[in-house]
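Residue numbers (our numbering): 62 to 197.
Quick look at the structure:
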């Protein structure tokens, strides 16, 4: 396969991850005050999603990061959490989540429509693990 411009061979998610990698590497010298990552987690999951989330968290300690994600492994890494909902008439509602609502949202991302005690416990564990790791 011949070389081609990156925007012609990489998906949107791949381009976002390349951008994230560049931002992490140049983070100390780059003066961009904020970055937006739209679904940087497309096509990944599990361990890789957790790594992407931790890199976003690292960048978030240096500048403002807005990340649109559907993965709990990425969402738990945020310093804050906004919930975005599209209504039936194509309007968008955005509101910040307090700690209890954030746990519920992470549980929903983990387990779907029905939130069980197990999914709530898992969400709490994920959030706690991020909190503990950021203290070290």
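Ideal Cβ positions, reconstructed from N, Cα and C, are used throughout, including at glycine.
Sorting 86, 77, 133, 105 by C-alpha distance to the C-alpha of residue 185 places 133 at the top. Around the beta-carbon of residue 79, fewer than 16 other beta-carbon atoms lie within 10 Å, marking it exposed. Nearest neighbour of residue 139 by Cα position, chosen from 178, 121, 147, 131, turns out to be 121. The beta carbon of residue 105 lies closer than 7 angstroms to those of 113 in the same chain, with the five residues before and after it left out. Setting aside the 5 residues that flank it on each side, residue 131 has no residue in the same chain whose C-beta is closer than 6 angstroms to its C-beta. According to the DSSP assignment, residue 192 belongs to the alpha helix (DSSP H) that extends over 178-195. A straight-line Cα-Cα distance of about 41 angstroms links residue 145 and residue 63. In the same chain as residue 128, and ignoring 5 residues on each side of it, the C-beta atoms closer than 6 angstroms to its own belong to 98, 117, in chain order. Residue 150 and residue 196 have their C-alpha atoms roughly 43 angstroms apart. Distances from the CA of residue 191 to each of 126, 85, 164, 175 were compared; the closest alpha carbon is that of 164.
Annotated as distal: residue 124 and residue 157, with beta-carbon spacing of 8 angstroms or more. Here the alpha carbons of residue 143 and residue 152 stand approximately 16 angstroms from one another.
Counting along the chain, no beta strand (DSSP E) covers residue 123, and no H or E run does either.
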